[in-house]
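A.B. asks: The listed protein sequences correspond, in order, to chains W and F.
Take the first sequence: its letters are residues 1 to 141, numbered as in the numbering used here.
Take the second sequence: its letters are residues 1001 to 1162, numbered as in the numbering used here.
Every residue gets a Cβ at the ideal spot worked out from N, C-alpha and C, and that includes glycine.
Being a predicted model, the structure only gives us computed values, none of them experimental.
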Amino acid sequence: MKGIMFALAGGFFLTFQSVANATISKEIGTWQAAAMTQLTGFVVAILIVAFIRDQSYRQLNQVSPLYASGGALAAIVLFSNMTAVHRMGVTLTIGIFLIAQLVMAIIIDTKGWFDMSKKKINRMQIAGVMLMIAGVIILKW
Amino acid sequence: MAIGILLALVGGAFVCLQNTFNANVKKRVSVWSTTALVLFLGFAASFAAGLAIEGAGLFKFQAEPWFWFSGILGVGVVACVTQGVQILGPSRAISLIMVSQIFFGLMWDTLGWFGLEQVPFTWQSLLGVVLISSGVLLFQLGPKLEQKRFMNVDTNTLKADK
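1. Excluding the 5 residues preceding and the 5 following D1154 (chain F) in the sequence, name in chain order all residues of the same chain whose CB lies nearer than 7 Å to its CB.
2. Within 10 angstroms of its Cβ, does D115 (chain W) collect 16 or more other Cβ (buried), or is it exposed?
3. Can you give me the C-alpha to C-alpha distance between G1055 (chain F) and S1046 (chain F), rounded to a whole angstrom?
4. Rounded to whole angstroms, what's the CA-CA distance from Q125 (chain W) to K2 (chain W)? Just pull it up for me.
5. How would you call Q55 (chain W), buried or exposed, if buried means at least 16 neighbouring beta carbons within 10 angstroms?
6. Whose CA, out of W:F42, W:W113, W:L131, W:A84, lies closest to the CA of M1001 (chain F)?
7. With DSSP collapsed to three states, give me the class of F1040 (chain F).
8. By the 9 Å beta-carbon criterion, what residues does the stretch 1127-1138 of chain F contribute toward chain W?
9. List the whole-angstrom C-beta distance separating F1104 (chain F) from G71 (chain W), where the pair is believed to meet the contact cut-off of C-beta under 8 Å.
10. Starting from Y67 (chain W), trace the alpha helix (DSSP H) in both directions and tell me its first and last residue.
11. If T40 (chain W) sits next to F1069 (chain F), beta carbons under 8 Å apart, how far is it from one beta carbon to the other, in whole angstroms?
12. Does DSSP put I121 (chain W) in a helix, a strand or coil?
13. With C-beta atoms as the reference, is W1108 (chain F) less than 9 Å away from T15 (chain W)?
14. Compare the C-alpha of I137 (chain W) against each of F:V1136, F:F1139, F:L1131, F:P1120 and name the closest.
15. Ends of the alpha helix (DSSP H) at V90 (chain W)?
16. For the alpha helix (DSSP H) that contains I52 (chain W), what are its first and last residues?
17. Just checking my contact of C1080 (chain F) with A9 (chain W) at CB under 8 Å: how many whole Å lie between their CB atoms?
18. Are the C-beta of P1065 (chain F) and some C-beta of chain A separated by less than 9 Å?
And the structure:
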């Protein structure tokens, strides 16, 4: 039950974040909004790291630089998310984001890219993506 | 509209890419240190892009006070998602998170909170959201259901649970 509440709250925060970013970017500009939300989030995160005396960042040198620099991709993610929410609302934006996310996950898993364990594509996964595409079409029809 | 769809497709693909990269960082570094690193790099990249595109104009803005607290939402995401995954396991947690995301999206469009343009509620949009949710559940939980039939044969497939 507790896990379910956390997962639901996680979804709530993700949507809230999209909405807040879109609103802020409308007021002060896309890159200003992206830089501001990432910077303030970083400040909170680094305070948490200090508070729990987390020293695991010392093992960062064992991580491939490619993976360690993944955070920079947020610039692309935030720009597309904010612009898409402006143009077509948050429901449709999330729907299409989820489809792209899962299709990309299928590609990465079947190819075994980026040190992910290679997995065969499953019929249920294809059916799931088809259902989602149908949902998006109905949403916007 | 077409541009919105294209951007959402690109954005979603990059979310997955970023999650994959972050998962590799988390093999060595704790969740919060990873989060701090990811947000710092996100800031640096957005700042650099803004500077390249707008030059000094990047610094000309008038922020309402609450804008400065928006980053807390990202921390809420990490905290809840991490707890959810720990308790429920990745497939069940992620499917619930995605379903929750899309339903809150519909609620938000309907209510038009936080300066979002209000989109009137229709039963059709609810049907769309229900279909998207069913698709997510099928995607995340379907493979597990199929595997159950072979559970006694190959226990290794159960470990491949992501």
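C.D. replies: From the atom records:
1. Per-residue confidence for D1154 (chain F) stands at a pLDDT of 49, beneath the threshold of 50, marking its modelled position as unreliable; the derived number appears in the next sentence. Cβ neighbours of D1154 (chain F) beyond the five flanking positions: none.
2. Its Cβ having fewer than 16 others within 10 Å, D115 (chain W) is exposed.
3. Near 13 Å, if we compare the C-alpha coordinates of S1046 (chain F) and G1055 (chain F).
4. Roughly 27 Å separates the two Cα atoms.
5. When all chains shown are included, Q55 (chain W) counts as exposed.
6. Nearest C-alpha to M1001 (chain F): W:A84.
7. Three-state DSSP puts F1040 (chain F) in a helix.
8. Shown in chain order are the members of the stretch 1127-1138 of chain F whose Cβ falls below 9 Å from a Cβ of chain W: L1127, G1128, V1129, V1130, L1131, I1132, S1133, S1134, G1135, V1136, L1137, L1138.
9. The beta carbons of F1104 (chain F) and G71 (chain W) sit about 25 Å from each other, so the pair does not count as a contact at 8 Å.
10. For Y67 (chain W), the enclosing alpha helix (DSSP H) covers residues 65-68.
11. A Cβ-Cβ distance of about 7 Å is found for the pair T40 (chain W) and F1069 (chain F), placing them in contact under the 8 Å criterion.
12. Of the three classes helix, strand and coil, the one that applies to I121 (chain W) here is coil, per DSSP.
13. For W1108 (chain F) and T15 (chain W), yes; Cβs fall inside 9 Å.
14. Considering only alpha carbons, the answer is F:L1131.
15. That run of the alpha helix (DSSP H) goes 90-111.
16. Element bounds for I52 (chain W): n/a, residue is neither H nor E.
17. The Cβ separation is near 4 Å, so the contact holds.
18. Judged by its chain identifiers, the structure shown contains no chain A, and its protein chains are W and F.
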